[in-house]
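Worksheet for the structure shown next.
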Amino acid sequence: MQAFPYIPNTDADRAIMLERLGVASVDRLFEELPAEHRDPQINIPAALAEADLVRLLQERAAENVVDRPTFLGAGAYRRFVPAITPHLVSRSEFATSYTPYQPEISQGTLQAAFEYQSVVCELTGMDVSNTGMYDAASATAEACLLAVRVTRRRAVALLEPIHPNTVDVVRMYAFGGDVRVDTVRHATDVTAEHACVVVQQPDFLGTILDVEDASGAAHAAGALCIVVADPLALGLLRAPGDAGADLVTGEGRDLAGPVAFGGPSLGLFAAREPFLRQMPGRIVGRAQESHPPAGASPGAAPRTGYVLALQAREQFIRRERATSNFSTGQSLIATAFTITVQTLGPQGMRESAELCYQRAHDAARRIATLPGFAVVERGAWFQEFLVRAPMPPAALAMALADRGIIAGLDVSDRGEPEAREATMFCVTEAMSPAHVDALVQALSEIGARS
Amino acid sequence: MIEDVGARLSFDRGAPGRRGVGVPRWDGEPAALPDAHLLRESVRLPEMSQNEIVRYYGALSRRNYSVDSGTYPLGSCTMKYNPKVDDLIASLPGFAEAHPLAPAEDVQGVLRVLFELQSHLGEITGLPAVALSPAAGAHGELAGMLIVKRALERRGELAQRRRVLVPDSAHGTNPATAAMAGFTVQELPSGPDGGVDLATLEAALGDDVAAFMVTLPNTLGLWERNIQRVVERVHAAGAFVYGDGANLNAIVGRMRFGDLGFDVVHLNPHKTFGTPHGGGGPGAGPVCARAELAPYLPAPVVVQEDGRYALVRPADTIGRMQQFHGSIGVLLRAYAYIRTLGCEGLRETSGNAVLNANYLRALMRDHYDLPYDRPVMHEVVFAGTRQRRRHNVRTYDIAKRLIDYGLHPPTVYFPLIVEEALMIEPTEAESRESIEMLAGAFIAIAEESERDPELLHDAPQTSPIGRMDEAEASRHPVIRWRPREA
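Listed in order, the protein sequences are those of chains H and W. Note that the first sequence covers residues 591 to 1040 in our numbering. Note that the second sequence covers residues 1386 to 1871 in our numbering.
Below you can see the structure in the form of structure tokens.
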């Protein structure tokens, strides 16, 4: 029998074990399974040795083109992540543990989660945070369901411009919960039918909003205000909690590591204190030892530790009456996010956010000076801006592709008048200045030829 | 004095002015910042040097038990070895740096891997319509139940079929998912053999039932002997059979849900395909369905046409599960695991997982009660009832004592239908010697419970911290750092 590297038992081991069981073969252990369907033909390729596997996947990885200058953002941003982040989260004590059901031997995961909750509260200006959800969009959908539960209203409002995939995900969850989803153009369109209004900060087309306008309108209608915030932008922008937000979600993936084709992600989920017991997901709380080990210093005070708290909200206890079916989340990504934010610290978060802002504004300023190009005015913005070129967005993307550059996102099919004929470019703090130079040069050549 | 690590968070460490990393200066022409009312002063965060951060998180990591530290027999959680080469593959820059909105021609490599993974999972489950985008098992369940809901809607039966049947031995996510999908839940008591009781099922079925959710093998680690009749009856009543594929690791390569007539299942790659659990994620939750249900799959799925791969939105999709395409890093690892083992290797994983569980059952059976005394699949559920009755020792105490033997405790008090449950899953990744060591520890603890029950009540003694007052942590929750009162 072929030996597989992840299976230690040998034929000799199996013989000893089977003898103890009084069973003739391993296959005999499966005799309860219906014979007519047992051991089906399964068409998957034969086993590969490690060296062959690596070679194959290196070939596949090389079929992706990732070294060209790219100006796509729209929810996935190239961010500066310090080297210690991947180093620390690749420690196998973090990476290969389970959900911390046994706090005595899971303090690493638990305390890191408490750090994460603290960091998210500080960034968002909220009172409480869970340990993280799947991604920004699903966290936003869960926030909408929380609003539905506490207001007992059966509709939610999403303020445009908002990421179309967020709308899609909220609609999917709303299909489950039989909730109506309205997209609205103005925060003042929120009515007494709506459980909440969801606001993206900065909005989908890049503009920085005054969250207070939205929260004021929501509260006037008796609805909650949910803000989907970019966490790096929160190094610079007013905390949503200080502007009246009731719940804040956001995407943590890009401060945790590379964009990785969009996942695994990390959904931030923070709330004002009154919603604590309505929150979905895991929550870690501080606790004291009740049984100090004999080895601890005699007479010493009980030590401080961390445990999964408020579990009576969760599916494994409350079952069909749980606040959510949420179980496994994004623990390791949350730890990576925490380490990045704490390594940047208060100065680094501000400087990184400002660097992002300045690099993007510099790129926009240079593009605006090119003949035939215009940057659309939409108020203060952070890292994404709309460009109108002397040709339609599709033609612009092709012309840039011919020069080895991936354009921004074509947003010309959107309803907003500013998006007409526009491409949305994204420049972040982690983008190479040489790539921006190449873009400006390429646009200048394209403009001259048109 | 030894530091009380838990009492000092990062926020209480470091000093004003320290920093962990430098940020490039902007030395170009500065643009004016937005109006002051849109900005903040600063974010309150720790100020630590890089060395302090590394030592702090290093200290935290050493306060964790992990699969790489030793046997981790959490039943139903399937903590098996996580191949390191799979981590390497997921971190290849060609995968890690790909933007989710990049033009399809720039991401053919990753799309091809995802397409092949869809096809392999379709083969493994016998359910060919596969979507990879759910972020975790429970998320995959939600996708699966919404596929059922959409199918009922299209049949014009949604208004009528609002009830979902779930065995009382099910994972808590099953009833919670059915409720999130908008159904009412009816729990069915298990039969005397621990399986679905046909008479109970038949009595509960009716033209208002949307689906029956079943875990196979079930959460007692037992094969459902009536599974074919169960599927038949549910289908005869016009309802769907939803499979919780959490325990696929027991039967992978040997039996396919599709061949048994299941309509939809979700899978947990960390359980069957060796992806790391990360202390609570990230996971992934692929959903696999019969071909007729393909139009309802969550978006996106990968298709191939003329040798080119592309992401598409199924015709009548339930929608997106998350912003982008799924937990790609986890899915790449699952793909690598499947390619390393092939069909024969996967069959060996289920064979050895089941052999190990039965061997453990044989070694321990004289020392603990076995509420369902049948040969098991991938895990075995004992009960600490004897120890409770005779020595006032609870399963909780037995679990804590196991920590002093350098082992992770099993799952306890689940499934809910077993009193003082000890649910032990060794997995195929443990050797015969480590199964014997695990059984030896359990047997020694059973003896200690007779001789010196206080030893168990005071356990653990060797862990970084002792037993915690968990009730108080929920009564008066402190869930974030606050500055100390001056």
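Here a beta-carbon is modelled for each residue, glycine too, at the ideal position from N, C-alpha and C.
Identify the continuous alpha helix (DSSP H) that holds residue i and give its terminal residues.
{"i": "D844(H)", "result": "R843 to A846"}
{"i": "H1484(W)", "result": "Premise fails: H1484(W) is in no alpha helix (DSSP H) and is neither H nor E."}
{"i": "R610(H)", "result": "D601 to L611"}
{"i": "H1842(W)", "result": "P1838 to H1842"}
{"i": "V1766(W)", "result": "V1766(W) -> not in any alpha helix (DSSP H); beta strand (DSSP E) instead, spanning V1765 to A1768."}
{"i": "T756(H)", "result": "P754 to G767"}
{"i": "L990(H)", "result": "P983 to D992"}
{"i": "A1038(H)", "result": "P1023 to R1039"}
{"i": "L1787(W)", "result": "T1780 to D1789"}
For a test of the three-state rule: what should DSSP assign to residue i, helix, strand or coil?
{"i": "N1743(W)", "result": "helix"}
{"i": "L1424(W)", "result": "strand"}
{"i": "A1871(W)", "result": "Its pLDDT being 48, under 50, A1871(W) is placed unreliably in this model, and the value from its coordinates should be taken loosely. In the structure shown, A1871(W) sits in coil (DSSP, three-state: anything other than H, G, I, E or B)."}
{"i": "C1728(W)", "result": "helix"}
{"i": "F1625(W)", "result": "strand"}
{"i": "R681(H)", "result": "coil"}
{"i": "I1864(W)", "result": "coil"}
{"i": "I632(H)", "result": "coil"}
{"i": "P716(H)", "result": "Correcting the residue type first, residue 716(H) is Met in the shown sequence and not Pro. It is coil, neither helix nor strand."}
{"i": "H951(H)", "result": "helix"}
{"i": "E640(H)", "result": "helix"}
{"i": "E1815(W)", "result": "coil"}
{"i": "F1015(H)", "result": "strand"}
{"i": "F859(H)", "result": "strand"}
{"i": "T660(H)", "result": "strand"}
{"i": "S1002(H)", "result": "coil"}
{"i": "G831(H)", "result": "helix"}
{"i": "E1855(W)", "result": "helix"}
{"i": "R956(H)", "result": "helix"}
Which two residues bound the contiguous beta strand (DSSP E) that contains residue i?
{"i": "F1500(W)", "result": "Segment Q1493 to T1510 is the alpha helix (DSSP H) holding F1500(W); no beta strand (DSSP E) there."}
{"i": "Y896(H)", "result": "T894 to A899"}
{"i": "E1526(W)", "result": "E1526(W) -> not in any beta strand (DSSP E); alpha helix (DSSP H) instead, spanning G1522 to R1539."}
{"i": "E879(H)", "result": "I873 to H881"}
{"i": "C692(H)", "result": "Here residue 692(H) is Gln; the residue named in the question, Cys, does not match the sequence. Counting along the chain, Q692(H) falls outside any beta strand (DSSP E), and DSSP gives it neither H nor E."}
List, in chain order, every chain H residue whose beta-carbon is nearer than 8 Å to that of residue i.
{"i": "A1392(W)", "result": "R893 and T894"}
{"i": "R1539(W)", "result": "Simply none; closest approach about 13 Å."}
Mind pulling the chain W residues with CB within less than 7 Å of residue i?
{"i": "D768(H)", "result": "G1567"}
{"i": "A745(H)", "result": "Those within 7 Å of A745(H) in chain W number zero; the least Cβ separation is about 15 Å."}
{"i": "Q790(H)", "result": "Correct list: empty, because the minimum Cβ distance to chain W is about 12 Å."}
{"i": "M939(H)", "result": "V1428 and L1430"}
{"i": "A637(H)", "result": "T1725, L1726, G1727, E1729 and G1730"}
{"i": "E712(H)", "result": "V1428, R1429 and L1430"}
Could you pull the DSSP bridge partners for residue i from this structure?
{"i": "Q707(H)", "result": "Paired residue(s): none; Q707(H) is not in a bridge."}
{"i": "D772(H)", "result": "A747(H)"}
{"i": "G797(H)", "result": "The identity of residue 797(H) in the sequence shown is Thr, whereas the question assumes Gly. According to DSSP, which records beta bridges pairwise, T797(H) is partnered with W971(H)."}
{"i": "T1796(W)", "result": "M1808(W)"}
{"i": "T730(H)", "result": "Per DSSP, none; premise fails for T730(H)."}
{"i": "R1548(W)", "result": "T1569(W) and V1594(W)"}
{"i": "Q648(H)", "result": "Beta-bridge pairing links Q648(H) to no other residue."}
Applying a beta-carbon distance threshold of less than 7 Å, which residues of chain H neighbour residue i?
{"i": "M1640(W)", "result": "L623, H627 and R628"}
{"i": "P1661(W)", "result": "A685 and T686"}
{"i": "E1813(W)", "result": "I597"}
{"i": "E1855(W)", "result": "A877 and V897"}
{"i": "A1505(W)", "result": "Before going on, a small fix: residue 1505(W) reads as His here, not Ala. Near H1505(W) (Cβ distances below 7 Å), the residues of chain H are I634."}
{"i": "R1560(W)", "result": "The sequence shown places Pro at residue 1560(W), rather than the Arg named in the question. Under the 7 Å cutoff, chain H gives R909 and E910."}
{"i": "Y1466(W)", "result": "Y596"}
Please find out if some non-hydrogen atom of the ligand GTP comes closer than 7 Å to the beta-carbon of residue i.
{"i": "T1510(W)", "result": "Ligands in the displayed structure: none, and consequently the ligand GTP is not present."}
Which chain W residues are close to residue i, counting only those with a beta carbon under 8 Å from its beta carbon?
{"i": "E1008(H)", "result": "Ordered by position in chain W, no residue passes the 8 Å Cβ test against E1008(H), which lies about 18 Å from the chain."}
{"i": "V709(H)", "result": "L1430"}
Could you list which residues in chain H have their beta carbon closer than 9 Å to that of residue i, in chain order?
{"i": "I1365(W)", "result": "Residue 1365(W) is absent from the structure shown; chain W starts at 1386 and stops at 1871."}
> Can you list, in chain order, the stretches of the beta strand (DSSP E) that have 3 or more residues and sit fully within the stretch 1553 to 1637 of chain W?
Replying inline: 1569 to 1573, 1594 to 1600 and 1625 to 1629
> Considering only residues of the stretch 1386 to 1472 of chain W, which uninterrupted alpha helix (DSSP H) runs meet the minimum length of 4 residues and lie entirely inside it, listed in chain order?
Replying inline: 1435 to 1446
> In chain order, which beta strand (DSSP E) runs of at least 3 residues are fully inside the stretch 1649 to 1737 of chain W?
Replying inline: 1649 to 1651, 1672 to 1674, 1686 to 1690 and 1693 to 1697
> Which runs of the beta strand (DSSP E) spanning at least 3 residues fall entirely within the stretch 890 to 947 of chain H, listed in chain order?
Replying inline: 894 to 899
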